[in-house]
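Protein chains in written order, with the numbering used here: chain W, 2 to 93; chain G, 854 to 1353.
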């Protein structure tokens, strides 16, 4: 089991610094998770650390492709507003 | 023991706080500070209004990660057209940052200060931030180091800050009430968890206050930045100002909320209003009763280079720096000469007690004037000014009260990567907009004004004045004030025009 980083990632490094397994590495166009190292933080923390600090909605998904931080969950900006201003992107 | 009598019968500037905010003939808002503190800030453009005309600063963007979310910030920060906090074009590693700082310091000897301000929170990136400071204090001991932070991780890093000789820290404190904080900060990352709402805000506030106390206990100068958010913390900031002063912060910088929809922030997209210039000035004047207020902040980018209000970052991109050959030992000698010259000039300015203006009747109302200035003199063409400095002239003298930008914060979305966003502010000519931002001013001083703006300014009730080109700003402002006073228009009921 491992988490993944999507193309919504803005390369802010926050997850790299808090990952207890050093499972996140820099790549182009965005950071990636080494699925051999990722444990989803089981045994280390109650919450996966990358998802707990990530500021970007939809940037981290589990094996089922589910967003750990779904749209609207972090900034509180309603999806209608994002659509109104052309900032809405369909799921990664 | 006989105490000297300090007269309190003299004219006071409107809004109180005269002594603390550098009104009248004091050339600097920090004139009241003890000598050892003034010595620390006299060449720091972000701490001394007087210094910012001569000394430059730079920020290096080595700190991308953040541990909180603010409603005025959007973490997609890569935009080369914008100048505002949190925005950068090129993220640097500590090694690249050192190269850049040495190159800039050699090229711009007036650059005295290196700050780490983001684009995330510097203390949420402790390894990158302190590695940069460590190398710099070794390789460029003549550069002052400073750091700004949201305060969440501040207490755990105070010792390291002290160890690196960082003697200027800026903490952004927008509130001391968690209920208000919950409207500004949707979440924080704390002890391996994302904590939302009032609880998150409470922890953040506690950490900020604790960090502030720890820093001041160690003699480190602390400036507090607050973002003025109308309807959220506008009435609360007076209390913030009072509390941070009690805890030893020496300067408070209240900045206006920047919230344009195209920035993609919560406040921007929710179309939250930014404060007007008058609202900002009113709040600064209110807080000034308790605290030295900074009014010359230009809310610069996390990778800004140059004097406040200018950005020479384009001259120092990594590809250009890579081919520069910097001899820092030689540069330090040149830098010392330049610094000494500027300090000498500043000290001379400070020493000259400007005579009180003559011929201005008691009770004359204050007048706001806009100045197209550079380096402390009336130097710019009306149409070329990127900003106007706003001075209030009164019988007590000329007082700097703020600045107003003439350009939109963002040049439009085409270059920002999200081209489909609607553009704000269309349909108004730049000239009309520039005249509108001067609302409340009765005079605009500049080196030259063209024919069209001249007539439009007059129609708007703002007298254009090109008579004082290349004169020191405060002298020019007072000369014009005297001219107006001589017409008798400054006394109560002399005419219908209202002081702003």
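All C-beta atoms, glycine included, are put in the ideal place defined by N, C-alpha and C. Keep in mind it's a predicted model, so treat the numbers as computed, not measured.
Shown here for residue 1196 of chain G: not one same chain residue has a beta carbon closer than 6 Å to its own, the five before and five after excluded.
The C-alpha of residue 1336 of chain G lies about 27 Å from the C-alpha of residue 902 of chain G. Contact annotation, residue 1241 of chain G with residue 1302 of chain G: C-beta distance approximately 12 Å; criterion of less than 8 Å not satisfied. Interface residue (Cβ-Cβ distance to chain G less than 7 Å): residue 40 of chain W is not classified as such. Contact annotation: in the region 50-64 of chain W, residues whose CB is within less than 7 Å of a CB in chain G are 50, 53, 54, 56 and 57. In the structure shown, residue 1235 of chain G adopts helical secondary structure according to DSSP, grouped into three states. Within its own chain, the residues whose Cβ lies closer than 7 Å to the Cβ of residue 1307 of chain G, once the five positions on either side in sequence are excluded, are 1317, listed in chain order. When C-beta atoms of the region 1089-1097 of chain G are compared with those of the region 1135-1152 of chain G, three or more pairs fall below 8 Å, so the two segments count as touching.
Between the region 947-965 of chain G and the region 1002-1010 of chain G, the count of Cβ pairs shorter than 8 Å is below three; the stretches do not touch.
Pairing residue 1290 of chain G with residue 1226 of chain G gives a Cβ-Cβ distance that is not under 7 Å. Excluding five sequence positions before and after residue 918 of chain G, the CB atoms of its chain that fall closer than 6 Å to its own CB belong to 973, 977 and 978, given in chain order. In this structure residue 1166 of chain G is buried. Its beta-carbon is surrounded by 16 or more other beta-carbon atoms within 10 angstroms. Cβ contact annotation for residue 57 of chain W (same chain, cutoff 6 Å, sequence separation greater than five): 9 and 11, in chain order. Residue 916 of chain G counts as buried, since no fewer than 16 other beta carbons sit within 10 angstroms of its beta carbon. Three or more Cβ pairs closer than 8 Å define a contact, and the region 1037-1049 of chain G falls short of that threshold against the region 984-998 of chain G. The distance from the Cβ of residue 959 of chain G to that of residue 1184 of chain G is about 4 Å, consistent with a contact at the 8 Å cut-off. Residue 1258 of chain G has its alpha-carbon roughly 29 Å from the corresponding atom of residue 1192 of chain G. Distance check between residue 1001 of chain G and each of G:1215, G:928, G:1224 and G:1079 places G:1079 closest, using alpha-carbon atoms only. Using beta-carbon distances, residue 1119 of chain G counts as an interface residue toward chain W, with a partner under 7 Å. Counting only Cβ-Cβ distances below 8 Å, residue 917 of chain G has contacts in chain W at 12, 13, 14 and 15, in chain order. Counting the other CB atoms within 10 Å of its CB gives residue 1047 of chain G a total of 16 or more, which places it among the buried residues. Pairing residue 1106 of chain G with residue 1028 of chain G gives a Cβ-Cβ distance that is not under 7 Å.
Residue 1043 of chain G sits in a strand when the DSSP states are folded into three classes. The beta-carbon of residue 1114 of chain G is placed less than 7 Å from the nearest beta-carbon of chain W. Between residue 76 of chain W and chain G, the shortest Cβ-Cβ separation is below 7 Å. Sequence-distant partners of residue 1238 of chain G (beyond 5 residues in either direction) whose C-beta falls short of 7 Å from its own C-beta, in its chain, are 1225, 1259 and 1299.
The beta carbon of residue 19 of chain W sits closer than 6 Å to those of 50 and 54, all from its chain and outside the five residues before and after it, given in chain order. At the C-beta level, residue 952 of chain G and residue 1230 of chain G stay beyond 7 Å of one another. In the DSSP annotation of this structure, the continuous segment of the beta strand (DSSP E) that includes residue 911 of chain G starts and ends at 909-912. Against residue 1122 of chain G, the close residues of chain W are 76, 78, 79, 82, 83, 85, 86 and 88, in the order they occur along the chain (beta-carbon pairs closer than 9 Å). Separation of residue 1112 of chain G and residue 1129 of chain G (C-alpha to C-alpha, rounded to the nearest whole angstrom) is 12 Å. Proximity to residue 1147 of chain G across G:1180, G:1178 and G:1108 peaks at G:1108, based on C-alpha coordinates. C-alpha of residue 1187 of chain G to C-alpha of residue 962 of chain G: approximately 7 Å in a straight line.
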